[in-house]
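2 protein chains.
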Amino acid sequence: MSKGKLFVVAGPSGAGKATLVHALLAADAKVQLSVSFTSRAPREGEQDGRDYHFVSREDFLARVNRGEFLEHAEVHGNLYGTSQKWITDSMASGLDILLEIDVQGAQQVRRLFKEAVGIFILPPSGDILEQRLRNRGTESEDAIVRRLANAREEISRVEEFDYVIVNEHIDQAVRDIIGIVRAERCRLAAQSERHQALITSLKG
Amino acid sequence: MSKGKLFVVAGPSGAGKATLVHALLAADAKVQLSVSFTSRAPREGEQDGRDYHFVSREDFLARVNRGEFLEHAEVHGNLYGTSQKWITDSMASGLDILLEIDVQGAQQVRRLFKEAVGIFILPPSGDILEQRLRNRGTESEDAIVRRLANAREEISRVEEFDYVIVNEHIDQAVRDIIGIVRAERCRLAAQSERHQALITSLKG
Chain A
6 MSKGKLFVVA
16 GPSGAGKATL
26 VHALLAADAK
36 VQLSVSFTSR
46 APREGEQDGR
56 DYHFVSREDF
66 LARVNRGEFL
76 EHAEVHGNLY
86 GTSQKWITDS
96 MASGLDILLE
106 IDVQGAQQVR
116 RLFKEAVGIF
126 ILPPSGDILE
136 QRLRNRGTES
146 EDAIVRRLAN
156 AREEISRVEE
166 FDYVIVNEHI
176 DQAVRDIIGI
186 VRAERCRLAA
196 QSERHQALIT
206 SLKG
Chain B
6 MSKGKLFVVA
16 GPSGAGKATL
26 VHALLAADAK
36 VQLSVSFTSR
46 APREGEQDGR
56 DYHFVSREDF
66 LARVNRGEFL
76 EHAEVHGNLY
86 GTSQKWITDS
96 MASGLDILLE
106 IDVQGAQQVR
116 RLFKEAVGIF
126 ILPPSGDILE
136 QRLRNRGTES
146 EDAIVRRLAN
156 AREEISRVEE
166 FDYVIVNEHI
176 DQAVRDIIGI
186 VRAERCRLAA
196 QSERHQALIT
206 SLKG
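So this is what it looks like as structure tokens:
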């Protein structure tokens, strides 16, 4: 069994990360989402264990102290973290793992997993980004202003990623992310490992 | 208009290169196959600019003298060549260009186009490769033996390529090559160039 890959998906709130990630998961059974821990309250429709592991701030900090997290960060006053052991075990079993994460977290992950593939999602314009955030209807004006400032900061680090998807037409963006995962599996290094016996036999 | 990419597809006879290439061309209108120049007259049904660029012998030789060809050869008194100028011009106009070529030719192309993306097509086994060559029914026993020896030689150079597709299930292999082209368009360098204005405006 050859080792799976780690895909790190980042981008500002309102870029449409979640929609893309869920379309990818639906299209490709070999990709599994890493479910983060968070101290924030669930939004409507969010399920514990599927969208996040929702825990109290105290519980979260205890896990930090036990060294359970690959990375953790405070975003908009809420704590978010990723379980390192679950990722390592899943990749060893041949699954490709997908992390939906903020830019800071992505940097931390790539320090630990050098071969992680970074994918940055961009909105097609600043106006559309703002409109998408307002359309959620779940955020206060303050929260929206904070998210927009944060978006500018995140976007300034797009150069740290391997791929950039501009999420203008969702069907196109979905094909992009599915294509990136397929292409990464076809990279020489991955294929040489996966098909070593075949290549040796063909060389005769 | 951002510059297109050059994709170089190689692999042994019987790996199924032509089928994959034509499926990609049918699926992706932004990819264009490199069309060779020839001094021979068009056969019935052949279209100038689609099957070949039909030019006079004088025109062809003038292009040779101007150093326009990546490679050229005389076959049965007719001249055939791959135009470097056509590839460069097409890429400049934003098209992705695809070259179906042998391993030696691929090496030459990559010396001239450093950022060319190399895709190697492998058959799923030596037996299937041989079977596919025999099923063509057009080749003598000698030709088949020669092609199989040549295949071993070509496969020994798989490490020179960026991507490897194992053409076992054609529908999967087609998705692989389509995915590779999409992914390459999403690479940071390509997207930074294509969406420079957007990124600058989003950084605020």
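If you read the sequences in order, they're chains A and B.
Residue 6 is where the first sequence starts when you use my numbering, and the numbers rise one by one after that.
Residue 6 is where the second sequence starts when you use my numbering, and the numbers rise one by one after that.
All C-beta atoms, glycine included, are put in the ideal place defined by N, C-alpha and C.
Where LEU207 of chain A sits in the DSSP three-state scheme = Here LEU207 of chain A sits in helix by DSSP.
Is the beta carbon of ASN155 of chain B sitting closer than 8 Å to the one on PRO128 of chain B?
-> No, the pair does not count as a contact, with Cβ atoms beyond the cut-off.
Enumerate in chain order the residues of its own chain whose CB-to-CB distance from LEU138 of chain B is below 8 Å, with the five nearest sequence positions on each side excluded.
-> For LEU138 of chain B, where only same-chain residues beyond five positions count, the Cβ hits under 8 Å are SER18, GLY19, GLU144, ILE149, ARG152, LEU153.
Out of A:SER130, A:GLN136, A:ASP107, A:ALA97, state which residue places its alpha-carbon closest to the alpha-carbon of GLY2 of chain A.
-> What is shown of chain A runs 6 to 209, which leaves residue 2 of chain A out entirely.
What residues of chain B sit near LYS22 of chain A, judged by a beta carbon separation below 8 Å?
-> In chain B, no part has a C-beta under 8 Å from the C-beta of LYS22 of chain A; the shortest such distance is about 15 Å.
Label ASP101 of chain B either buried or exposed according to how many other C-beta atoms from any shown protein chain fall within 10 Å of its C-beta, with 16 as the threshold for buried.
-> By the neighbour-count definition (other C-beta atoms within 10 Å, threshold 16), ASP101 of chain B is a buried residue.
Which term fits HIS81 of chain B, buried or exposed, when burial requires 16 or more other beta carbons within 10 angstroms of its beta carbon?
-> Burial is judged here by how many other beta carbons sit within 10 angstroms of a residue's own beta carbon; HIS81 of chain B has fewer than 16 and is exposed.
Mind checking the segment 157-172 of chain A against chain B and listing, in chain order, the residues whose C-beta falls within less than 8 Å of any C-beta there?
-> Listed by position, the residues of the segment 157-172 of chain A near chain B (Cβ gap below 8 Å) are ARG157, ILE160, SER161, VAL163, GLU164, PHE166, ASP167, TYR168, VAL169, ILE170, VAL171.
Starting from ASP132 of chain B, follow the alpha helix (DSSP H) in both directions and report where the run begins and ends.
-> Unbroken alpha helix (DSSP H) run through ASP132 of chain B: 131-140.
Helix, strand or coil: how does DSSP classify ASN83 of chain A here?
-> Collapsing the DSSP output to three states places ASN83 of chain A in a strand.
Compare the Cα-Cα distances from TYR168 of chain B to each of B:LYS8, B:SER7, B:LYS10, B:ALA15 and report the closest residue.
-> Closest by alpha carbon: B:ALA15.
Expected contact under 8 Å - CB spacing of PHE74 of chain B and THR93 of chain B to nearest Å | Rounded, the Cβ-Cβ distance is 12 Å, inconsistent with contact.
Under 8 Å from the C-beta of SER206 of chain B: neighbouring residues of chain A = Correct list: SER130, GLY131.
Hey, how far is the Cα of LEU207 of chain A from the Cα of GLN136 of chain A?
-> Whole-angstrom Cα-Cα distance: 55 Å.
For the putative contact between PHE65 of chain B and PRO47 of chain B, defined by C-beta atoms under 8 Å, what is the C-beta separation to the nearest angstrom?
-> Not confirmed; about 14 Å, so no contact.
Are the CB atoms of GLU105 of chain B and LYS22 of chain B nearer to each other than 8 Å?
-> Against a cut-off of 8 Å, the Cβ pair of LYS22 of chain B and GLU105 of chain B comes out as a contact.
For VAL114 of chain A, the three-state DSSP class (helix, strand or coil) | Shown here, VAL114 of chain A sits in a helix according to DSSP, grouped into three states.
Near LEU134 of chain B, what residues of its chain come up, given a Cβ to Cβ distance below 8 Å and the 5 sequence neighbours on each side ignored?
-> These residues qualify, in order along the chain: PRO17, GLY19, ALA20, PRO128, LEU153, ALA156.
For THR93 of chain B, the three-state DSSP class (helix, strand or coil) = Residue state, collapsed to three classes: helix.
Using the C-alpha atoms, what's the distance from HIS27 of chain B back to ALA34 of chain B?
-> Cα to Cα, the separation comes out at about 11 Å.
Contact belief for LEU29 of chain B with ILE126 of chain B at Cβ below 8 Å, rounded distance in angstroms = With a contact defined as Cβ atoms closer than 8 Å, LEU29 of chain B and ILE126 of chain B miss out at about 11 Å.
Would ARG187 of chain A count as contacting chain B if we go by Cβ distances under 8 Å?
-> For ARG187 of chain A, the nearest CB of chain B lies under 8 Å from its own CB, placing it at the interface with that chain.
Taking the C-alpha atoms as reference points, what is the distance between VAL69 of chain A and THR24 of chain A?
-> Rounded to whole angstroms, VAL69 of chain A to THR24 of chain A spans 29 Å at the Cα level.
By how many angstroms is the C-alpha of ASP147 of chain B removed from the C-alpha of ILE175 of chain A?
-> Those two C-alpha atoms are separated by around 53 Å.
Taking HIS200 of chain B as the query, report the chain A residues whose CB atoms sit under 8 Å from its CB, ordered along the chain.
-> The contact set of HIS200 of chain B on chain A, defined by CB atoms closer than 8 Å, consists of LEU127, VAL169, VAL171 in chain order.
Using only alpha-carbon positions, find the residue among B:LEU11, B:GLU159, B:SER39 that is nearest to THR205 of chain A.
-> Nearest of B:LEU11, B:GLU159, B:SER39 to THR205 of chain A, Cα basis: B:GLU159.
Proximity test, Cβ basis, 8 Å: LEU25 of chain A and chain B | Not an interface residue.
For chain A, find out if any of its Cβ atoms is closer than 8 Å to the Cβ of LEU103 of chain B; answer yes or no.
-> No, its Cβ sits nowhere closer than 8 Å to a Cβ of chain A.
Would you mind telling me which residues of chain B sit closer than 9 Å to ILE183 of chain A, beta carbon to beta carbon, in chain order?
-> Within 9 Å of the CB of ILE183 of chain A, the CB atoms of chain B belong to ARG180, GLY184, ARG187, in sequence order along the chain.
Does the distance from the CB of VAL40 of chain A to the CB of ARG55 of chain A come in under 8 Å?
-> Yes, the pair counts as a contact, with Cβ atoms nearer than the cut-off.
Give me the Cα-Cα distance between GLN112 of chain A and GLU165 of chain A, rounded to the nearest whole angstrom.
-> Spanning the two alpha carbons is a distance of roughly 8 Å.
Bridge-paired residues (DSSP) for GLY123 of chain B = As computed with DSSP, GLY123 of chain B is found in a beta bridge with B:VAL13.
Determine the closest residue to LYS10 of chain B out of B:GLN89, B:VAL163, B:LEU103, with distance taken between C-alpha atoms.
-> Closest by C-alpha distance to LYS10 of chain B, out of B:GLN89, B:VAL163, B:LEU103, is B:LEU103.
Own chain, CB closer than 7 Å to VAL36 of chain A, minus 5 neighbours either side, in chain order = These residues qualify, in order along the chain: LEU29, LEU30, ASP101, LEU103, VAL186.
Coarse secondary structure for ASP167 of chain A, derived from DSSP in three states = If DSSP states are grouped into helix, strand and coil, ASP167 of chain A belongs with coil.
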